[in-house]
Amino acid sequence: MNKTALVIIFLMITVGFVNGQEKKTISNSKIGSTIILPDNALIRNTVSNKVNPLEKEIKIFTTIDGNCGQCAIELNSWKSFMEELKNSNIGFIYLIESSDKMRTFNTMNNEGINLDYPVFYDEGKKIYVKNNLSDSKHFNTFLLNSKNEIVLTGSPIVNEDIAMLYKQKIDSLNLSSKDYHIKVNQDATGTGVRISGNIIYMDEDKNVIDENKAKQMIASRDFYPSINTNSNVIILKKVK
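Position one of the sequence shown corresponds to residue 103 (our numbering), numbered consecutively onward.
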């Protein structure tokens, strides 16, 4: 291999690394920023599901190119992710960008996607501009806390690792959004526990953990709380 070829390869690797670092910097710089959300007047897509995502404590915000059929089809993946979460405390903010007043998007939705969930029409890209969103859709997906601050960036539907991070952080946000008062006392025989309050912390082996230890484990970031909305038990799982 001649020197010219080696120089070209080196430059390609260097440029790729720099671009990757710049994208990572752009992504990380968003953490902590507050997203300006669309208001109720921009809700479109009349559906049987009467949920209002703006009223939810936790939100996932993403942009969809309504002029692009393939982009709209991505909503099928979002439907699957919504089903995985099965969490009524999460609102999905689907911001539709469209130059044809959503005609292409509505056709795609009616003919195959069948999203039974509200979407928001960002006419003139006003919300897009207000939030100084990136031209790359991969940097326009955020997990928001109750203050609409960005706590995670990246799309959970294109990367399994990001999807896992979203699930872990959602569990953590769910925990912090509630007031937990737990008292765990061993009974007289020492063979069981008596719970007062409405939440029980347990490890993955189903051993009950007292509140202070549970909080220490969560604070260490070596464990994350997994919450079943149909149960009063919180399982502390080891971060892998």
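Built from N, CA and C at the ideal position, the CB exists for glycine as well.
Because the structure is a prediction, the values reported are computed rather than measured.
- Sequence-distant partners of isoleucine 137 (beyond 5 residues in either direction) whose C-beta falls short of 7 Å from its own C-beta, in its chain, are Phe163, Asn233, Phe244, Leu246, Asn250 and Ile252.
- Between the region 161 to 175 and the region 198 to 214 there are three or more C-beta pairs closer than 8 Å, enough to call the two in contact.
- DSSP, read as helix, strand or coil, puts isoleucine 133 in coil.
- Around the beta carbon of valine 341, fewer than 16 other beta carbons sit within 10 angstroms, so the residue counts as exposed.
- For serine 328, the beta-bridge partners assigned by DSSP are Ile337.
- Within its own chain, the residues whose Cβ lies closer than 6 Å to the Cβ of asparagine 147, once the five positions on either side in sequence are excluded, are Pro220 and Val221, listed in chain order.
- DSSP lists no beta-bridge partner residue for methionine 210.
- In this model, serine 236 and serine 322 are separated by some 33 Å (Cα to Cα).
- For tyrosine 303, the secondary structure class from DSSP, reduced to helix, strand or coil, is strand.
- Cβ contact annotation for serine 328 (same chain, cutoff 6 Å, sequence separation greater than five): Asp273, Ile337 and Lys339, in chain order.
- Remark: C-beta atoms of tyrosine 230 and leucine 144 do not approach each other more closely than 7 Å.
- A direct Cα-to-Cα measurement between arginine 205 and asparagine 212 gives close to 10 Å.
- With contacts defined as CB atoms closer than 7 Å, proline 155 and isoleucine 195 qualify as a contacting pair.
- Nearest in C-alpha terms to alanine 265, of all of Met304, Trp180 and Leu139, is Trp180.
- By the neighbour-count definition (other C-beta atoms within 10 Å, threshold 16), lysine 188 is an exposed residue.
- Inside the region 160 to 192, DSSP marks whole alpha helix (DSSP H) runs of 4 or more residues at positions 171 to 175 and 177 to 187, from first to last along the chain.
- DSSP links tyrosine 219 through a beta bridge to no other residue.
- Within the region 219 to 277, complete beta strand (DSSP E) segments of at least 3 residues are found at 221 to 223, 244 to 246 and 252 to 255, given in chain order.
- Here the alpha carbons of lysine 315 and glutamate 306 stand approximately 14 Å from one another.
- Non-local C-beta neighbours of methionine 210 in its own chain, meaning closer than 6 Å and more than five positions away in sequence, comprise Gly171 and Ala174, ordered along the chain.
- By the criterion of a C-beta distance shorter than 6 Å, aspartate 263 is surrounded by no residue of its chain, once the five residues flanking it on both sides are discounted.
- In the displayed model, leucine 156 falls within a helix according to three-state DSSP.
- For methionine 304 against valine 310, the beta-carbon gap comes to about 6 Å, under 8 Å, which counts as contact.
- By the Cβ-count criterion, lysine 161 is buried, with 16 or more other Cβ atoms from all chains shown falling within 10 Å of its own Cβ.
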